[in-house]
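**Student:** Note that the UniProt record's numbering gives residue 4 to position 4 of the sequence shown, counting from 1, and the numbers run on in steps of one.
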Amino acid sequence: METYLWKINKEKLNETNLAKYSDFIKKKYNMDSGNDFNKIWKWSIDNPKFFWKSIWDFTKVKGKLGNSLLKESDIFFKNSFFPYAKLNYAENLLIKNNNKLSIIFKSENGYKNNLSWKNLNLNIAKISSWMKENGIKKGDRVAAYLPNIPETVIAYISTAVLGAVWSSCSPDFGTAGVIDRFSQISPKILFIGDKYFYNGKKINVIERLPEILDKIPSIDKVVVVSYPGTEIEKNKDIKIKKYNWKELINKKNKNKNKIEYVLSNFNDPLAILYSSGTTGKPKCICHGTGGVLLQHNKELQIHSDVKDNDRVFYFTTCGWMMWNWLVGALSSGATILLFDGFPMYKKDDLLFEFASEEKVTLFGISAKYIDALNNNGVIP
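(1) Which residue's Cα is closest to the Cα of Y21: F37, L270 and W6?
(2) Report the residue from K239, N134, P187 and G193 whose alpha carbon sits nearest the alpha carbon of E231.
(3) Run the CB neighbour count on I45, radius 10 Å, all protein chains shown included, and call it buried at 16 or more, exposed below.
(4) Should L293 be labelled buried (16 or more other beta-carbon atoms within 10 Å of its own) or exposed?
(5) On the criterion of 16 or more Cβ atoms from any shown chain inside 10 Å, does S73 qualify as buried, or is it exposed?
(6) Give, in chain order, every unbroken run of the alpha helix (DSSP H) that is at least 4 residues long and sits entirely within the region 92-154.
(7) Quick check on DSSP: helix, strand or coil for A271?
(8) Below 7 Å CB to CB, which residues in the same chain sit around P343 once its five sequence neighbours on both sides are set aside?
(9) Give the single residue among N199, K252 and N257 whose Cα lies nearest to the Cα of residue 440.
(10) From the DSSP output, read off the bridge partner residues of C284.
(11) Which of the three DSSP states, helix, strand or coil, is assigned to L209?
(12) For the beta strand (DSSP E) holding V360, just list the boundary residues, first then last.
(13) I149 to W130, Cα distance in whole Å?
(14) Tell me whether the region 352-360 and the region 299-319 touch, counting them as touching only if at least three CB pairs, one residue from each stretch, are closer than 8 Å.
(15) Kindly list the residues whose CB is nearer than 7 Å to the CB of Q301, restricted to its own chain and excluding five residues on each side of it in sequence; keep chain order.
(16) Going by C-alpha to C-alpha distance, which of S107, K7 and K49 sits closest to K346?
(17) To which residues of the same chain is L94 closer than 6 Å at the C-beta, ignoring the five residues directly before and after it?
(18) Report the rounded CA-to-CA distance for I365 versus W323, giving the unit in angstroms.
Shown next as structure tokens:
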């Protein structure tokens with residue numbers, strides 16, 4: 001007899017997004033699963049084009065689907081979903097523009113900063129407008145060497161507004177690791193943090209910039225982001241013109257308060273991530289605009305039952321794909337929570353304290369963190 005660690009009761013099951021999705025495909029595709037997950041899974045792999053269209057419809061994707069669901073090929077990897085679809089990834093994340101919280105940030109040192117949906121939209125309008133004025137267009141690469149802070153989310157979504165391609169590295173990557181990655185994609189703009197903190201230590205990042213610029217000549221604009229709650233670090237050795245993030249955000253211009261979305265094809269690139277680099281130089285992995293949106297919507301809304309006004313946390317850096325996944329929770333109307341620094345700084349249960357304070361509804365952590373808790377005898 002199987003022993004369950006936990007099992008949902010019938011009343012709560014009927015309130016889940018999965019149950020609602022089951023009803024949705026029953027009405028639209030005459031697929032009666034009886035809320036049996038295995039039946040839904042079997043239907044999804046037997047009818048992939050209808051399955052992914054159902055995800056588009058159920059999660060209310062903003063865009064034009066086009067008149068073809070799948071362009072088939074004898075070569076498997078040349079099959080193309082939604083070949084005539086048009087959408088903008090950023091527009092599907094910015095589904096609110098009110099005073100409710102979009103982002104809650106906390107640093108290991110206790111510094112907190114919250115961002116409303118209204119201010120998130122406003123900041124993205126300003127940064128995307130500045131990028132457009134500086135020549136960034138659809139398909140251009142934008143690189144970020146930043147901590148897990150709200151500014152990183154703003155830069156990512158601003159890049160997507162223009163149909164440009166995002167790529168990010170965490171500041172715990174050394175200079176060589178960043179050059180190995182970004183030199184392959186020829187970015188035009190680099191967003192860089194001046195410093196970060198880890199286990200009580202301040203690590204200077206801006207001093208790495210001259211070498212990065214020397215090895216990646218495609219970068220012609222640099223935006224320096226000061227760590228939240230601190231003054232910006234200076235570096236006189238940088239020859240290229242630098243822009244201060246705070247100055248770009250604080251600059252008043254009514255014409256830059258509206259977001260102008262650029263439509264992309266479903267399979268146009270959204271972001272470039274990387275393999276681990278354990279078998280040589282890290283390999284670029286390009287993720288498509290529509291594929292990322294649908295996959296994240298499916299995982300977050302159906303698998304993870306994320307709903308409007310939920311609070312979603314994942315312990316990650318912007319050098320890991322779970323960071324992109326976390327940001328994707330905005331498309332469900334959720335508030336996302338960012339933590340930057342050492343997760344056990346001064347107290348082993350720091351992340352659990354953060355989750356309790358902010359009433360987190362989805363708490364995501366890594367196996368390594370669980371192992372560390374176990375080794376330290378922490379029982380949250």
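Glycine included, C-beta positions come from ideal geometry on N, C-alpha and C. Bear in mind the structure is a predicted one, so any value in this text is a computation, not a measurement.
**Tutor:** By the coordinates alone:
(1) The shortest C-alpha separation from Y21 is found at F37.
(2) Here the closest residue by C-alpha is G193.
(3) The residue in question, I45, is exposed, as its Cβ has fewer than 16 Cβ neighbours within 10 Å.
(4) Burial call: buried.
(5) So S73 ends up on the exposed side.
(6) Entirely contained in the region 92-154, the alpha helix (DSSP H) runs reaching 4 residues are, in chain order, 117-133.
(7) In this structure, A271 counts as strand in the three-state DSSP scheme.
(8) By the criterion of a C-beta distance shorter than 7 Å, P343 is surrounded in its chain by F315, L350, L351 and Y369, once the five residues flanking it on both sides are discounted.
(9) Since the first residue shown for the chain is 1 and the last is 380, residue 440 is missing from the structure and cannot be characterised.
(10) Answer is Y274, bridged to C284.
(11) Three-state DSSP puts L209 in a helix.
(12) Per DSSP, V360 lies in no beta strand (DSSP E) segment and is marked neither H nor E.
(13) Computed Cα separation, rounded: 20 Å.
(14) Segments in contact, yes.
(15) If we look at Q301 and ignore the five residues flanking it on each side, its Cβ neighbours are N17, T59 and S332.
(16) Restricting attention to S107, K7 and K49, the CA atom closest to the CA of K346 is found in S107.
(17) N121, listed in sequence order.
(18) Cα atoms of I365 and W323: separation of roughly 12 Å, rounded to the nearest angstrom.
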